[in-house]
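Residue numbers (UniProt numbering), protein chains in the order written: chain R, 1 to 134; chain G, 1 to 134; chain S, 1 to 134; chain L, 1 to 134.
No residue lacks a Cβ here, since even glycine has one placed at the ideal position from N, Cα and C.
Please read these numbers as outputs of a predicted model, since none were measured by experiment.
Protein chains: 4
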Amino acid sequence: MASFDRQGLMRHLGARISHIAPGRVHITLPARPEVTQQNGYFHAGATSAIADSAGGYAAFTLFPEGADILTVEYKINLLAPAAGDHIEAVGTVLKAGRTLTVCQLEVHGVQGDGSRTLVAQGQQTLIRVPPTDV
Amino acid sequence: MASFDRQGLMRHLGARISHIAPGRVHITLPARPEVTQQNGYFHAGATSAIADSAGGYAAFTLFPEGADILTVEYKINLLAPAAGDHIEAVGTVLKAGRTLTVCQLEVHGVQGDGSRTLVAQGQQTLIRVPPTDV
Amino acid sequence: MASFDRQGLMRHLGARISHIAPGRVHITLPARPEVTQQNGYFHAGATSAIADSAGGYAAFTLFPEGADILTVEYKINLLAPAAGDHIEAVGTVLKAGRTLTVCQLEVHGVQGDGSRTLVAQGQQTLIRVPPTDV
Amino acid sequence: MASFDRQGLMRHLGARISHIAPGRVHITLPARPEVTQQNGYFHAGATSAIADSAGGYAAFTLFPEGADILTVEYKINLLAPAAGDHIEAVGTVLKAGRTLTVCQLEVHGVQGDGSRTLVAQGQQTLIRVPPTDV
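Shown next, in the form of structure tokens:
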């Protein structure tokens, strides 16, 4: 997505969109020292950042080209230390309304052998704004 | 703080602790392309990351050396586009308990002339864990 | 407020508006067996219900007659067992926008001698809808 | 459950546990004027109260007799006007830990013909406390 490519933060972290379907987007972030907290796990800020983006782009898939989507708020529970070869955030639209969209957010730690652990789960509210209104 | 210096993400974003007092920590993040979203504002993920860290270190100030603090969950409302010369997150302990600590989180956009806008507010729950239990 | 008087739940719980100012509303709920949880404290559901209503009416004070306000979402931390002669919820508008309003919610346990304890704090998002759009 | 029967609020609202399985509890609340908001829908406070209780009892099913469970915090999105013959809250344990348990909360509006609408979804953190520590 052009919009994703313009997100300096996602590029700076090394995140990329790994799956797009209507109402669902996956974002993957490989492990590296630049995204850790003090104990070597993925930083909650990195985990949350890709979760938030996954939800935003999941909402984006349901709207016409040119619409813009802003995060109103989100809440995230960090369920387990985020470790692994990479983490994968899954954003899924729970309800798409005219003005507001609500997404469920999940982040999994994925080991080199493909085994997965749910490391975070959240819930997010987004608002659709006209392109010129941002 | 030694712990902060070990957080690869904070260093990678360019964040630094700008104020420490008992139960209150400020973290500052200068504007640069690496922390933006698609419209050039600070990315919600960057805003949240420093808010989360500010709350964590605010809790940290109230516990003996060697304790470790993990974020259980947080919720954040993004109130206005995060613009400015830099953003400043303020984490303040609302209640410190034996096991759980609750913090209030605020993030301000700060212009070159010092004027400030509240761009995000949140609430965070943290848990204190023995150093070896992480 | 006419709207409050039409809220069957608030009447059924025994809650009443105890203070109204622009952007701020207090709601008081006296202790009685009908609002308790299993240990005799105020039930989190009762605490949350008056917190949610206090935020909703705080937003209401800032809009013209006839507007309707719906809760989009809220998050609440229960900080201490809610005990006392009564509890008092304080809803304060943090940001009022054209479409969305964000409130801070606090609930205090108040003893017979007037001493107060913060028992819950939350954050709430509301949406303004045309009267006929509900 | 004995604990549920001691919850004055649940009895006062007219709520009852309609399903219990390990890690999952349903609570049902019939429509009546005592649980409404100003437009005749179920009040968000009633919706939230049974959601919170459903999560709490879902956690309860996984612990030995005598343990006590307190809500630390929850967040709930109100997705649609809560209407119907009754509403049903479903609390499901997402992660059960030694100290903290995280639940997902859903509330459905159920019509007389059995058709269901998701009216609220939330996420909740609970803490297990020794019986004497409450």
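At a Cβ threshold of 8 angstroms, is residue 72(R) touching chain S? Residue-level contact check: residue 72(R) touches chain S, since one or more beta carbons of chain S fall below 8 angstroms from its beta carbon.
For residue 102(R) versus residue 123(R), is the C-beta distance shorter than 8 angstroms? It is a contact, given that the beta carbons lie within the stated cut-off.
Quick check on residue 94(S): does DSSP put it in helix, strand or coil? Residue 94(S): strand per DSSP, three-state reduction.
Would DSSP call residue 18(L) helix, strand or coil? Strand, per DSSP.
Residue from 60(G), 118(G), 100(G) with nearest C-alpha to residue 4(G): Among 60(G), 118(G), 100(G), the Cα nearest to that of residue 4(G) belongs to 60(G).
Taking only beta-carbon atoms, is residue 99(S) less than 8 angstroms away from chain R? Yes - at least one Cβ of chain R is within 8 angstroms of the one on residue 99(S).
Would you please verify whether the beta carbon of residue 33(L) is less than 8 angstroms from any beta carbon of chain S? Taking a beta-carbon distance threshold of 8 angstroms, residue 33(L) counts as an interface residue toward chain S.
Hey, how far is the Cα of residue 105(L) from the Cα of residue 126(L)? Residue 105(L) and residue 126(L): Cα-Cα distance of roughly 12 angstroms.
Please state the DSSP three-state secondary structure of residue 12(G). Note: residue 12(G) maps to helix in three-state DSSP.
Chain-ordered neighbours of residue 125(G) on chain L, where CB pairs are closer than 8 angstroms: The contacting residues are 72, 73, 125.
Contacts around residue 87(L), its chain only, beta-carbon distance under 6 angstroms, and the 5 residues preceding and following it disregarded: For residue 87(L), the CB contacts under 6 angstroms within the same chain, skipping 5 residues up- and downstream, are 29, 42, 107, 109 in chain order.
Bridge partners - residue 68(S), DSSP secondary structure assignment: Paired residues: 129(S).
Nearest to residue 67(L) by CA position, among 25(L), 100(L), 115(L), 8(L), is which residue? It is 100(L).
Quick one, which of 78(R), 2(R), 69(R), 113(R) has its alpha-carbon nearest residue 78(G)'s? Shortest Cα-Cα distance from residue 78(G) to any of 78(R), 2(R), 69(R), 113(R) involves 69(R).
Where does residue 31(G) fall in DSSP's three states? Looking at residue 31(G) - three-state DSSP - the assignment turns out to be coil, as it is neither helix nor strand.
Neighbour-count burial assignment, residue 116(L), 16 or more Cβ in a 10 Å radius: Exposed, because fewer than 16 other Cβ atoms sit within 10 Å of the Cβ of residue 116(L).
Between the CA atoms of residue 93(L) and residue 23(L) - distance to the nearest angstrom: Computed Cα separation, rounded: 5 angstroms.
Three-way DSSP call (helix, strand, coil) for residue 101(G) in this model: Judged by DSSP in its simplified three-state form, residue 101(G) adopts strand.
Looking at the strands, I want to know which residues DSSP matches up with residue 57(S). Beta-bridge pairing links residue 57(S) to no other residue.
Output, in sequence order along the chain, the residues in the segment 74 to 93 of chain L whose CB is closer than 7 angstroms to any CB in chain R. Residues 75, 77, 79.
Give the secondary structure of residue 134(S) by DSSP, where H, G and I count as helix, E and B as strand, and everything else as coil. Residue placement at residue 134(S) cannot be trusted, given a pLDDT of 42 that sits under 50; the coordinates are not used to answer.
Give a yes or no on whether 8 angstroms exceeds the smallest Cβ distance from residue 28(L) to chain S. So, not an interface residue.
Going by beta carbon distance, what residues of the same chain come within less than 8 angstroms of residue 34(R), once the five residues before and after it are set aside? Only 13, 14 meet the Cβ criterion.
Quick check on residue 102(G) - is its C-beta less than 8 angstroms from some C-beta in chain S? Interface residue, yes.
Just curious, the alpha helix (DSSP H) that residue 42(R) is in, first and last residue? From DSSP, residue 42(R) is part of no alpha helix (DSSP H); its letter is neither H nor E.
To which residues of the same chain is residue 84(G) closer than 7 angstroms at the C-beta, ignoring the five residues directly before and after it? Only 31, 109, 110, 111 meet the Cβ criterion.
Residues in its own chain within less than 6 angstroms of residue 19(S) by CB, not counting five upstream and five downstream? So the qualifying residues of the chain are 26.
Would a check of beta-carbon distances place residue 37(G) closer than 8 angstroms to chain R? Cβ-Cβ to chain R under 8 angstroms: yes for residue 37(G).
Are the C-beta of residue 121(L) and some C-beta of chain R separated by less than 8 angstroms? It does; some Cβ of chain R falls within 8 angstroms.
Residue 51(G), DSSP secondary structure in three states: If DSSP states are grouped into helix, strand and coil, residue 51(G) belongs with the helices.
Under 8 angstroms by Cβ, that's how I've got residue 36(R) and residue 9(G) pegged, so tell me the actual separation to the nearest angstrom. Indeed they touch by this definition, with Cβ atoms about 6 angstroms apart.
Can you give me the C-alpha to C-alpha distance between residue 53(R) and residue 91(R), rounded to a whole angstrom? Straight-line Cα distance between these residues: approximately 8 angstroms.
Residue 3(L), enclosing alpha helix (DSSP H) - first and last residue: Residue 3(L) -> alpha helix (DSSP H) spans 2 to 5.
Apply the 10 Å Cβ neighbour rule to residue 2(R) and answer buried if 16 or more other Cβ atoms are within range, or exposed otherwise. Burial is judged here by how many other beta carbons sit within 10 angstroms of a residue's own beta carbon; residue 2(R) has fewer than 16 and is exposed.
What number of angstroms, rounded off, separates the C-alpha of residue 56(L) from the C-alpha of residue 71(L)? Approximately 7 angstroms, taken between the alpha carbons.
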